Every structure is written in structure tokens, then in C-alpha cells.
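Residue numbering for the sequence shown follows this note's numbering, beginning at 40 and increasing consecutively. Working notes for the structure below.
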Amino acid sequence: MWHGVHFLSPCFRSRFKSMVRIMLLPKSDVVILKGCISGYFHKTMESDMKIHTWFGAALSGAALSISAPAAHSIILTDIVMIVDESGSMGNVQANLRTNIGQFASILSAGGVDAQYGLVGYGNSQVKPRTLTDLTDPASFATAAQGLLTSGGTEPAYTASAYALNALDDQGDLFSFRSNALKNFIIFTDEPSNGDSTFAGTIGGNAVTFASIDQLLTDSNALYNAVLSGSSTVTSIGDLATNHGGQVFDLNGLNTTDSQVVSDFVDLFATAKLQETIDFCDANPTAPGCQGAGDPDNPNEVPEPAPLALLGLGLIGLGLRRRFMA
């Protein structure tokens, strides 16, 4: 039956290459396995209600019968996505709003309680703006319909400061939870440019790489950059690598090929989940890493026994192929 692994998403294939590897998974990889399978079913089964219903019932039963004793506290995080609104970003924006559910499902399955906010920047008005405060994935997708592609000056540093609530006299502020880890993700195909006092200031001065780098350090925040072009990576990439994140290729979203997009979202969300878990492993007392609810009894996410969860996923794949035949 293990030939079925071939049909799982690249998220799964790239991470688990043998039965031995799966049997020896550490706790964090069990969470990733869980997230990969959740993301796969999110994108492939939502149109087939018979399988979706069966899988939901089976997974509910599995939660009662195959849970292992290991568990981790729910991680709380507030994620603000910072999106370039210049003329070349239409595909990226469309793919972001239509795939936020897939991205969120992988984080949720891995025990991450996330809210999502959205900043647009670099439209014809240049200045950064709020499309939505921190909210759920469905409301984020609705708000993302308001992104524009009318600009050509992209002050990424200023937009990042705006996402951090750090600009002088900033009107709209993000309502970060005091007990949540701050996460920022920027999507752009241009180096930061136009960071003038017109776009926004910190302490009366135009925003620079150094000022954003310090703000992220002071906020103990994670930062990821989804970029294209070597000059863009040179301009912005170090903000990600300096702050627990990575640089990803924007071409995974800047396409009309839905399979390429879906594969990218799987890999990106899985990496985001892993870095969030790694951060909390290294900083267990940081905001967001101590669970939610009653501080004496934080919510916990049981880790399903990995082989049983894998088997459940492959059984679901077999049923899907039979029903779709």
C-alpha cells in the first residue's frame, strides 16, 4: 500500500522518504506530517462530500483511539502579510487570496492558532495601508480582494514598519494579542524604494533597513520574504534570515498554473509551521509559546501516532481514487 505516498503533496514527499524515517519521527515532524496531510485533504477533497464526510469521521475516531501521549501547547501567532500593490503583482495577489485557506489549514493542523492581517503598499498613493486587521482566513481572503495593482514605487521598509505599528502618527493599528508571537511575511518583486518621509517616518526620519531590523529584534518577531530578483533579495532578504525566517521564490505564486501554486503553498506553509515550532522550542517562555486559555492548564495538541495517521491518509487516498473513477 505504500506506493500511495507517491500521490501525496510535495510537502509530504519532500519530508518523509521512507518507512524508517516515518517510524522515527521526532515530535516536531509528527506535527509537520499532520499538517501536510491536512493541507492535502483541504485542497483535494472539498469538492467530494462523500470522501470529506468519511475522512472527518475517521479522523475524529482516530483522535480517540490512536493518540500518543506526547503533546505540545497550542502556539498563538498573529501573522501580518505585507503585499506589493504595483502593476506586476496581480497573479500573486489572486493566488494569495484563493490559497490562504490551504496555508492556514496546515498551520492549524500543526497546533498553531493564527490570525491574519493584511497590509498593501506601493499603489498609486505609495503609502502603506491596512486591508484588514487581524482576522480569520475567510475574512482575510475577502479583504484581499481590495488589493490594487496601480503603483510603481514600493517602500517595503516603510510598509514593514507600518505592519509593526511603528510609524509616527500611524492611524490604523493592528490589534496584536499580547500573548501571541508576531509573524510578518512580505511579498514583492522589487527592492525597497521610495522610503521617503512622504511614505512614513520613525522618529521623524525616513525608514531604513537598519531601523526595521532593530524593530523586529525589539519585537522578538519572525519575518519571511517571498521575493523575485537578485536585487530584491539583496534589499530585503536579510530581514528574513536575521529574524528566524527564510527567503522564498515569488514565482511559486506569480503564475496561473494552479498546481504550481498549490505545491508552493504546501511547502511554504510547512516551512512556516516548522520555523514557528522551532522558535518556540528555543524560546519556550516567549509570548505565544505557552499555550492558550487557563495558564495552569494550557490547551494542548495531542500528536497522533505517525504510522496510524499515515495509514489513515493513504486509505483516504484510495477511497478518493475509487469514488472518482
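From the three backbone atoms N, C-alpha and C, an ideal C-beta is built for every residue, glycine too. Given the structure is predicted, the values throughout are model-derived calculations rather than measurements.
N- and C-terminal bounds of the beta strand (DSSP E) containing residue i
i	result
K221	220-227
L266	261-266
I251	Unbroken run through I251 is the alpha helix (DSSP H), 248-258; no beta strand (DSSP E).
T174	168-174
V165	Premise fails: V165 is in no beta strand (DSSP E) and is neither H nor E.
F287	286-288
Host alpha helix (DSSP H) of residue i (start-end)
i	result
G276	269-280
A143	129-148
L186	From DSSP, L186 is part of no alpha helix (DSSP H); its letter is neither H nor E.
L312	297-321
S199	195-202
Selected residue, minimal CA-CA separation from residue i, among the options
i	options	result
G233	G283, A183, A264, S163	S163
A321	N259, V158, Q209, N293	N259
T174	F213, G242, Q285, D208	F213
A202	L157, V151, N218, D228	L157
D172	V165, T309, A182	A182
T169	D228, L186, A153, Q132	L186
L261	F237, I224, A245	I224
N281	L292, D257, T236, D296	D257
P230	Q329, Q132, T247	T247
A245	D252, N134, Q253, T236	T236
A195	G330, G284, T227, D288	T227
F303	V131, L115, D123	V131
G210	V151, G191, K166	K166
T285	G291, S301, D305, N263	For clarity, residue 285 is Gln in the given sequence; the question names Thr instead. Cα-wise, what sits closest to Q285 is N263.
E124	F179, A198, I113	A198
S144	L255, L306, F318	L306
For residue j and residue i, believed in contact at Cβ under 8 Å, the rounded distance
i	j	result
I118	Y155	5 Å
G239	L206	4 Å
A200	I251	6 Å
I275	L266	6 Å
T188	G126	5 Å
S147	P326	Actually they do not touch by this definition, with Cβ atoms about 19 Å apart.
L312	G149	4 Å
T309	L220	T309 to L220, Cβ: 18 Å. No contact.
T116	N222	5 Å
Residues that DSSP places opposite residue i in a beta bridge
i	result
L115	D152
Y160	D123
A245	T240
Neighbour flag for residue i against chain B, beta carbons, 8 Å
i	result
S112	As a matter of chain content, chain B is missing from the structure shown, which is built from one protein chain.
Count Cβ pairs between the region 130-149 and the region 292-306 that sit closer than 8 Å; are there 3 or more? Pairwise C-beta distances place the region 130-149 in contact with the region 292-306, as three or more of them are shorter than 8 Å.
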